[in-house]
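Below is one structure, written out as C-alpha cells; comments come after it.
Residue numbers (this note's numbering): 83 to 247.
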C-alpha cells in the first residue's frame with residue numbers, strides 16, 4: 083500500500099534568509115564594480131522579505147480525512163511506516179514483521195559484527211589527533227562533530243518475500 087503524491091514543501095526560514103544574504107552580497111559586488119546603483123533601502127527591504135512566507139503550501143490533493151487517517155496509522159504501535167526503497171512511496175508493515183526482517187539482516191555476520199562498546203569517541207580522538215599532527219586544515223578545528231549511525235530497513239515496494247535494503 084502506498085501513496086505517491088508530490089507537493090511543494092514550505093521553504094525553511096533559514097534557507098530563504100541565506101538566499102537573500104547571497105543576493106545582497108552579489109548586488110553589493112556589482113555596485114563595487116560600478117555595474118548597478120543600489121537604493122539605500124534595498125538591503126533592509128531584502129532582509130524584511132527574508133522573514134516573510136509567501137504562497138499557499140497546502141495540498142489540494144490531501145484532504146483532512148487523509149491527514150487524520152495517517153495520524154491514526156502512525157499512532158498504532160503495531161504498524162511501522164517506512165519510505166520504500168528507491169521509490170516515492172511508503173510501505174505500511176506490521177511492526178513485528180519489520181523487526182524480524184531487521185534481525186535477519188543484522189544476523190548476517192558476513193556484513194555486520196556485534197560490538198560491545200560505542201567506538202565513536204575513540205575514533206573522534208584519533209581523527210582529531212591525526213588532523214592536528216598533520217595540520218591538514220589551515221586552522222585546526224576545535225572539535226569535529228559526529229553522530230551515531232542509525233540503522234533502519236527500507237522495504238522494497240513490490241517484493242513481498244525479499245528482505246529490504
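Backbone N, C-alpha and C fix where the C-beta goes; we use that ideal spot for every residue, glycine too.
Here the region 103-111 makes contact with the region 123-131; the two share three or more CB pairs at distances below 8 Å.
Cβ-Cβ separation between residue 176 and residue 161: approximately 7 Å, consistent with a contact (criterion under 8 Å).
Taking a C-beta distance under 8 Å as the contact criterion, residue 155 and residue 174 qualify as a contact pair. Per DSSP, reduced to three states, the secondary structure at residue 109 is helical. As far as DSSP is concerned, residue 210 takes part in no beta bridge. Within the region 165-212, complete beta strand (DSSP E) segments of at least 3 residues are found at 172-176, given in chain order. With a beta-carbon spacing of about 17 Å, residue 172 and residue 184 fall beyond the 8 Å limit used to define contacts. Membership of residue 157 in the alpha helix (DSSP H) is indicated by the continuous run 146-157. Listed as beta-bridge partners of residue 162 by DSSP are 175. Going by DSSP, residue 132 is part of the alpha helix (DSSP H) stretching over 124-132.
Inter-residue distance for residue 157 and residue 116 is about 60 Å (C-alpha atoms, whole angstroms). Taking 8 Å as the cut-off, the beta carbon of residue 119 is found no closer than this to the beta carbon of residue 110.
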